[in-house]
Amino acid sequence: MGKKSPLPPWLEHAAQVKKKMKERGFKMADRVQICQGCGEYAEETWSLRGPEGLGGRDVVACMNCGRARSWRGSGQQRAVEEPFDLLGFLGISPERTEPS
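The sequence shown lines up with residues 1205 to 1304 when you count with the working numbering.
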């Protein structure tokens, strides 16, 4: 048997990213879309509403290539963060984990 090639951090941590997003109160906001970066159906949209349903944060992240963007606030104050370090935001170390 040959040696398995290492997975990119995004593929390796995809389940952990989804779990941490749910723990922080984010909910899936849309169906999976085509990523403009890699062309795959892997871009997920997550939303967190602020008090009284206003503002909050929206995160769009591709689970294939790792491209991520985030929007905060509402109305005219809505600010985009691109690129967005989603792994850092969730406290996930991008280092590879060795299979046991």
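All C-beta atoms, glycine included, are put in the ideal place defined by N, C-alpha and C.
Cβ-based burial, residue i [other Cβ within 10 Å; buried from 16]
| i | result |
| --- | --- |
| Arg1282 | exposed |
Pairwise C-alpha distance: residue j and residue i
| i | j | result |
| --- | --- | --- |
| Leu1291 | Glu1256 | 28 Å |
| Ser1274 | Val1284 | 6 Å |
| Leu1294 | Lys1224 | 6 Å |
| Ala1272 | Arg1235 | 16 Å |
| Trp1250 | Asp1262 | 6 Å |
| Gly1229 | Leu1252 | 6 Å |
| Gln1237 | Gln1280 | 26 Å |
| Pro1210 | Glu1216 | 9 Å |
Beta-carbon proximity list for residue i, same chain, < 7 Å, skipping 5 on both sides
| i | result |
| --- | --- |
| Gln1220 | Ile1296 |
| Gly1241 | Cys1266, Cys1269, Arg1271 |
Member of the options whose CA lies at the smallest distance from the CA of residue i
| i | options | result |
| --- | --- | --- |
| Ala1246 | Pro1210, Ala1218, Ser1278 | Ala1218 |
| Lys1231 | Gly1243, Val1264, Pro1287 | Val1264 |
Closer than 7 Å: residue i CB and nearest the ligand COA heavy atom
| i | result |
| --- | --- |
| Lys1231 | Annotation note on the ligand COA: not contained in the displayed structure, which lists no ligands. |
Reduced DSSP category for residue i - H, G, I as helix; E, B as strand; rest coil
| i | result |
| --- | --- |
| Glu1244 | coil |
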